[in-house]
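Read the structure below first, then the notes.
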Amino acid sequence: MRSEEDLIRTLRTAAGHAGSDGLARAVAARRRVRRVRQRMQMVLAAAAVVVVAGATAAVLSRGGEQVRPAVTVTTVPATPTSREAVAGQKIRPAAEVWPEAVFTMPAEAAGGWKYRPVTGLGPTEVLLSAESSFEKAGRLEVYDSAAKSARVLGDVPAPEGVKGYFVQDFEVGEQHIAWYGTTPNTPDKWSDFWIMPRAGGTAKRVGEVTGPMSEVDRIGVTDDSVVWSVEQGGVYRMPLTGGTPERVADELHLMSWPLAAGYAKDGESGRKSQDRVVNLETGQTVTVPAPAGVTFLTCGPVWCYGAGDDRTIVQRHDGSDRRDLPAAVRLHGMSELLGDRFALLTPYRSGDPAKVYAPLVATYDPVTGLMGGMSRMPSDGGGAGFGRGISSSPTTIVYWDEDVRSSLVCTTKGRGKQCETKQRGGGKELTIVNLAAVTAGSG
1 MRSEEDLIRT
11 LRTAAGHAGS
21 DGLARAVAAR
31 RRVRRVRQRM
41 QMVLAAAAVV
51 VVAGATAAVL
61 SRGGEQVRPA
71 VTVTTVPATP
81 TSREAVAGQK
91 IRPAAEVWPE
101 AVFTMPAEAA
111 GGWKYRPVTG
121 LGPTEVLLSA
131 ESSFEKAGRL
141 EVYDSAAKSA
151 RVLGDVPAPE
161 GVKGYFVQDF
171 EVGEQHIAWY
181 GTTPNTPDKW
191 SDFWIMPRAG
201 GTAKRVGEVT
211 GPMSEVDRIG
221 VTDDSVVWSV
231 EQGGVYRMPL
241 TGGTPERVAD
251 ELHLMSWPLA
261 AGYAKDGESG
271 RKSQDRVVNL
281 ETGQTVTVPA
291 PAGVTFLTCG
301 PVWCYGAGDD
311 RTIVQRHDGS
321 DRRDLPAAVR
331 LHGMSELLGD
341 RFALLTPYRS
351 GDPAKVYAPL
361 VATYDPVTGL
371 MGGMSRMPSD
381 GGGAGFGRGI
391 SSSPTTIVYW
401 DEDVRSSLVC
411 TTKGRGKQCE
421 TKQRGGGKEL
431 TIVNLAAVTA
441 GSG
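The letter at position 279 of the sequence shown is residue 279 when you use the UniProt record's numbering, and the numbering goes up by one with no holes.
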């Protein structure tokens with residue numbers, strides 16, 4: 001369930017638990033601008049980290065060409081924790097841990113359109129959205145890291161007569177690739193759904209929905225239907241031939257078809273745990289037990305990750321194979337899962353980035369117990385970043401541009417600041433971590 005609650009968690013993590021005023025303003029701006037999406041996240045490397053919720057909201061948002069709104073926030077100096085002082089396990093780069101999963105590829109297509117990774121189609125193939133301008137998807141392509149070449153699957157059209165239209169998440173099924181689009185900069189509650197043959201071909205518009213049914217938080221695609229869940233809870237389907245939507249389940253939120261999750265009724269805002277996983281094809285329900293002290297639990301297709309009592313845990317849906325993760329990491333702000341068993345983690349950083357490897361994020365494999373770092377804190381005091389693939393179900397892709405540097409330009413306004421992220425360099429090559437290659441190699 002990705003919502004304002006998710007954004008609050010992200011901002012709290014980025015801000016070192018900043019005050020509620022800055023968070024409220026950032027969430028209000030999010031409502032005014034557009035939905036949360038997995039855009040490039042920028043992290044500043046400075047002695048005192050300047051927390052800018054507006055910059056975080058901008059880089060996480062999706063849709064719109066002018067998407068870096070200046071948002072009034074509070075700056076908070078970074079306060080080292082005891083865990084930072086004893087960072088624990090040393091994290092190695094993902095390229096050393098899983099060399100088969102890491103490669104570089106062009107950041108742009110031959111015609112100059114910029115690539116945005118979606119997810120891995122296999123150990124060497126990555127689905128890409130080629131964008132004619134910022135977040136304006138115009139074409140789907142597949143990059144083959146073994147052949148070091150891309151092929152075009154087909155165009156991603158916009159519906160005629162719809163202004164301010166932006167494609168949102170893509171989803172890969174066995175026979176089709178599906179996606180939905182919205183008009184995020186208007187007050188209209190409206191979405192439409194499209195499919196394309198997985199092997200490539202002409203895109204087909206399946207249909208559209210309005211009202212609460214249009215507030216999509218995740219989609220899936222089967223051989224005969226587009227399936228989606230909505231922010232308020234509930235799962236719907238629409239035949240690929242079009243027609244009237246059918247309600248499939250109440251309250252639940254899609255994880256990755258056919259699995260959906262339910263949320264516990266208790267828990268503070270933004271920290272509600274998933275407490276059950278339902279197979280919508282068979283009706284089988286697995287109750288997800290949360291261990292004592294774990295106040296937040298989120299599940300992927302196979303594994304669940306949880307946080308609480310200054311610890312991070314991983315377990316299977318039924319609570320088996322439970323263990324604590326190394327003390328050097330915690331769940332990333334949005335608790336975003338990757339693939340069927342990985343999670344995006346934030347390392348507790350210590351040491352000089354000029355002397356030691358300091359990854360921006362890491363991921364953990366509960367099957368092998370290995371952990372790899374991704375992107376890195378720059379040694380020159382600038383900002384760096386990373387992105388996640390824009391797949392609806394948990395993507396297998398984390399990526400970054402090694403040559404991008406960012407900085408914040410801030411102006412004081414009242415008790416807070418208005419800040420905007422400025423980037424320089426980069427744009428030639430992306431480093432990709434495709435966790436589908438890890439899964440293929442270890443089963």
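Just so it is clear, CB atoms sit at the ideal spot from N, CA and C, and this is done for glycine as well.
Exercise. What's the call for tryptophan 194, buried or exposed, on a 16-neighbour Cβ count within 10 Å?
Worked result: buried
Problem set entry | Same chain, Cβ closer than 8 Å to alanine 249, neighbours up to 5 away in sequence not counted | Exclusion of the five residues before and after alanine 249 leaves Gly234, Val235, Ala260, Val278, Leu280 as the residues of its chain whose Cβ lies within less than 8 Å of its Cβ.
Problem set entry | Residue nearest to glycine 243 in terms of C-alpha spacing, selected from His176, Ser256, Val209, Asp217 | Proximity to glycine 243 across His176, Ser256, Val209, Asp217 peaks at Val209, based on C-alpha coordinates.
Problem set entry | Cβ contact check for the stretch 417–425 and the stretch 105–121: 3 or more pairs under 8 Å | no
Exercise. Is it true that the CB of valine 206 sits closer than 8 Å to the CB of threonine 119?
Worked result: no
Exercise. DSSP on alanine 101, reduced to helix/strand/coil?
Worked result: helix
Problem set entry | DSSP beta-bridge partners of tyrosine 399 | Gly387, Ile432
Exercise. Does the count of Cβ pairs from the stretch 179–196 and the stretch 219–239 closer than 8 Å reach three?
Worked result: yes
Exercise. Nearest-angstrom Cα distance between aspartate 224 and phenylalanine 342?
Worked result: 29 Å
For this session: Please confirm whether leucine 153 and methionine 213 have their CB atoms less than 8 Å apart.
Result: Going by C-beta atoms, leucine 153 is not nearer than 8 Å to methionine 213.
Exercise. When the Cα atoms are used, what is the spatial distance from aspartate 309 to leucine 338?
Worked result: If I take the Cα positions, the gap works out to 24 Å.
Problem set entry | Other residues of its chain near aspartate 318: CB distance less than 7 Å, five sequence neighbours each side excluded | Val286
Problem set entry | Closest Cα partner of alanine 292 within the set Pro353, Trp303, Ile313, Cys299 | Ile313
Problem set entry | Among Ala95, Asn185, Pro378, nearest to valine 162 - alpha-carbon criterion | Asn185
Exercise. Using a Cβ-Cβ cut-off of 6 Å (strictly less than) and excluding sequence neighbours within five positions of leucine 121, which residues of its own chain qualify?
Worked result: Leu127
For this session: Along the beta strand (DSSP E) that carries threonine 411, what are the first and last residues, could you check?
Result: 405–413
For this session: From the DSSP output, in three-state form, read off serine 320 for me.
Result: DSSP, reduced to helix, strand and coil, places serine 320 outside both helices and strands of the structure shown, so it counts as coil.
Exercise. According to DSSP, is serine 392 helix, strand or coil?
Worked result: Three-state result, serine 392: coil.
Exercise. Are methionine 255 and glycine 300 touching if we call contact CB-CB under 8 Å?
Worked result: Cβ atoms of methionine 255 and glycine 300: closer than 8 Å.
Problem set entry | Identified DSSP bridge partners for proline 359 | Partner(s): none; proline 359 has no beta bridge.
For this session: Quick one: using the 10 Å Cβ neighbour count with 16 as the cut-off for buried, is glutamine 66 buried or exposed?
Result: In this prediction, glutamine 66 has a pLDDT of 26, which is less than 50 and means its spatial position is unreliable; nothing more can be read from the coordinates.
For this session: Output the residue ranges of the beta strand (DSSP E) runs that lie fully inside the stretch 252–288 and measure 3 residues or longer, sorted by chain position.
Result: 253–256, 259–263, 274–279, 285–287
Exercise. Should alanine 107 and glutamate 402 be called a contact, given that it needs their Cβ atoms to be closer than 8 Å?
Worked result: no
Exercise. Among Leu408, Gly389, Cys410, Gln423, which residue has its Cα nearest to the Cα of threonine 431?
Worked result: Relative to threonine 431, the option among Leu408, Gly389, Cys410, Gln423 whose CA is nearest is Gly389.
Problem set entry | Classification of glutamate 160 by the beta-carbon crowding that lies within 10 angstroms, buried from 16 upward | exposed
For this session: Please list, in chain order, all residues of the same chain as serine 229 whose beta carbon is under 7 Å from its beta carbon, the five residues on each side excluded.
Result: Spatial neighbours of serine 229 in its own chain (CB-CB distance under 7 Å, excluding positions within 5 residues in sequence) are listed in chain order as Asp217, Arg218, Val235, Leu252, His253, Leu254, Ala260.
Exercise. Alanine 290 CB to nearest chain D CB: under 8 Å?
Worked result: The displayed structure is made up of one protein chain only, and chain D is not part of it.
For this session: Decide if aspartate 352 is buried, meaning its Cβ has at least 16 other Cβ atoms within 10 Å, or exposed.
Result: exposed
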